[in-house]
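Below is one structure; the comments refer to it alone.
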């Protein structure tokens, strides 16, 4: 599960809400001579975690990691910005958003101005999210240190659990569960802090979609959202502008003539990888500005070194994920395996058939679909019915066999997960 527009937006200030100190619109007139004092009260962060607040105006630019007073500032209007800050977690960091004053503040000659920059945790952070059926469930990382049977920290009726992608602000994007739902929905992070049935703030119906089935979502570095529509054999692009409103959208770019595409991932070069039921396909970045129905730059198929069923050699391609080292992994629920696509293969062109050298067999009761890697490189995936699991990085370093499948180091059963999980993911900007 690749969320490609991660770090850039963390440096963007949040300016949608007013600070608690009663800041309204900038004063109609503000002194332009003399000097004054500005006090900035920064709150809401745990001890030891520094803020990332920037005050800038006629007197210069100042970085504040904690509350402070700036005396002798040249009089005038000052803009206050706050970037997100993270508290390290071995699975997914706890991320805080600061809310500075919505408008510039006026420092007057001989006066003292006090403003507040409160912080609050982004509700979707520091959780592993499991999408199943009509629900998205958030499990706090503190619940996941050892094998357990547990209830989620948050159960959200999101009318879909497939796709399960977070944008840079922690908002959750999902595919609709049926043709009665929008094709793509966005749920704001602020609506996912507690159990309930939130309403999406984006409901996008992609023109021409009249069927349902497996699919996936992925952001590219420019913020475009790519959507695989398996039942129609195509992948479409939604621009940031198209993501900004609800309604029926006609995508300006699409890739067609695929065979039930599901998995999507971008590499560091901006190339798009698509997993359909027959091949892993690569579309180079230069081709993604216009629609195409032509063959992929690379169409790679894979066979198993040890098939689980006699005569079953072809590996299916379902969901895709990129690990911390940039390696591309594939889930194949039909064979109950996870496997790695070799770098030498990924760099090729044309059509190729390959035997994988790293394949992790799961138990015959497993159904690995959407998966994600955490901060340590461990892999989290839907495992057996009503359960998801964590595979340690060391467990991914060697292949296993059908007769001796890899048993995950941690297994989490939950009666809230009905059937098999559609997707597993986390907000990791």
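Residue numbers (my numbering): 11 to 439.
Just so it is clear, CB atoms sit at the ideal spot from N, CA and C, and this is done for glycine as well.
DSSP, reduced to helix, strand and coil, places residue 228 within a strand of the structure shown. Close CB contacts of residue 289 within its chain, under the 7 Å cut and outside five residues either way in sequence, are with 309, 310, 311, 327 (chain order).
When the alpha-carbon of residue 261 is set against those of 45, 177, 234, 276, the nearest one is in 234. With contacts defined by Cβ atoms closer than 8 Å, residue 174 and residue 333 do not form a contacting pair. The count of Cβ pairs closer than 8 Å, one atom from the segment 170 to 185 and one from the segment 136 to 148, reaches three, so the stretches are in contact. Contact fails between the segment 337 to 347 and the segment 358 to 365, because fewer than three Cβ pairs, one in each stretch, are under 8 Å apart.
Under the DSSP assignment, residue 252 falls in the alpha helix (DSSP H) whose first and last residues are 250 to 253. Distance from residue 214 to residue 225 at the Cβ level is roughly 13 Å; contact not present, criterion being Cβ atoms closer than 8 Å.
Between residue 65 and residue 48, the gap from beta carbon to beta carbon is short of 8 Å. Sequence-distant Cβ neighbours of residue 401 in its own chain, meaning closer than 6 Å and more than five residues away, are 389, 418. Relative to residue 150, the option among 202, 72, 164 whose CA is nearest is 164. The count of Cβ pairs closer than 8 Å, one atom from the segment 107 to 124 and one from the segment 201 to 220, stays below three, leaving the stretches out of contact. Between the segment 188 to 201 and the segment 288 to 306 there are fewer than three C-beta pairs closer than 8 Å, too few to call the two in contact. In the three-state reduction of the DSSP assignment, residue 184 falls in the strand class, which pools E and B.
Residue 85 places its beta carbon 8 Å or farther from that of residue 122. A residue is called buried when at least 16 other Cβ atoms come within 10 angstroms of its Cβ; residue 375 does not meet this threshold and is exposed. Here the alpha carbons of residue 180 and residue 350 stand approximately 28 Å from one another. Residue 109 counts as buried, since no fewer than 16 other beta carbons sit within 10 angstroms of its beta carbon. Between the segment 380 to 399 and the segment 97 to 109 there are three or more inter-stretch CB-CB distances shorter than 8 Å, so the stretches are counted as touching. Cβ-Cβ distances below 6 Å link residue 221 to 241 in the same chain, with the five nearest sequence neighbours on each side left out; the list follows chain order. In this structure residue 313 is not in contact with residue 345, their Cβ atoms being roughly 11 Å apart against a cut-off of 8 Å. With respect to residue 196, residue 183 sits close: the two C-beta atoms are nearer than 8 Å.
Per DSSP, the unbroken beta strand (DSSP E) holding residue 140 starts and ends at 137 to 142.
Boundaries for residue 235: no alpha helix (DSSP H) harbours it, while the beta strand (DSSP E) harbouring it runs 235 to 239, taken from the DSSP string.
Annotation: the continuous beta strand (DSSP E) that includes residue 397 extends over 397 to 401. It is roughly 29 Å from the alpha-carbon of residue 68 to the alpha-carbon of residue 59. Looking only at 97, 83, 125, the smallest Cα-Cα distance to residue 91 is reached by 125. Annotated as proximal: residue 245 and residue 274, with beta-carbon spacing under 8 Å.
Annotation for residue 365: the continuous beta strand (DSSP E) segment containing it runs 360 to 365.
Contact between residue 202 and residue 129 fails: their C-beta atoms lie close to 18 Å from each other, not under 8 Å. Annotation for residue 281: 292, 293, 294, 295 place their beta carbon closer than 7 Å to its own, counting only its chain and skipping 5 residues before and after. Annotation for residue 50: no alpha helix (DSSP H) segment contains it, though the beta strand (DSSP E) segment containing it runs 45 to 53. One alpha carbon belongs to residue 134, the other to residue 154, and they sit about 16 Å apart. Secondary structure within the segment 190 to 223: the beta strand (DSSP E) runs of 3 or more consecutive residues, fully enclosed, are 194 to 197, 212 to 216 (chain order). If you draw a straight line from the Cα of residue 232 to the Cα of residue 428, it is about 36 Å long.
Per DSSP, reduced to three states, the secondary structure at residue 97 is strand.
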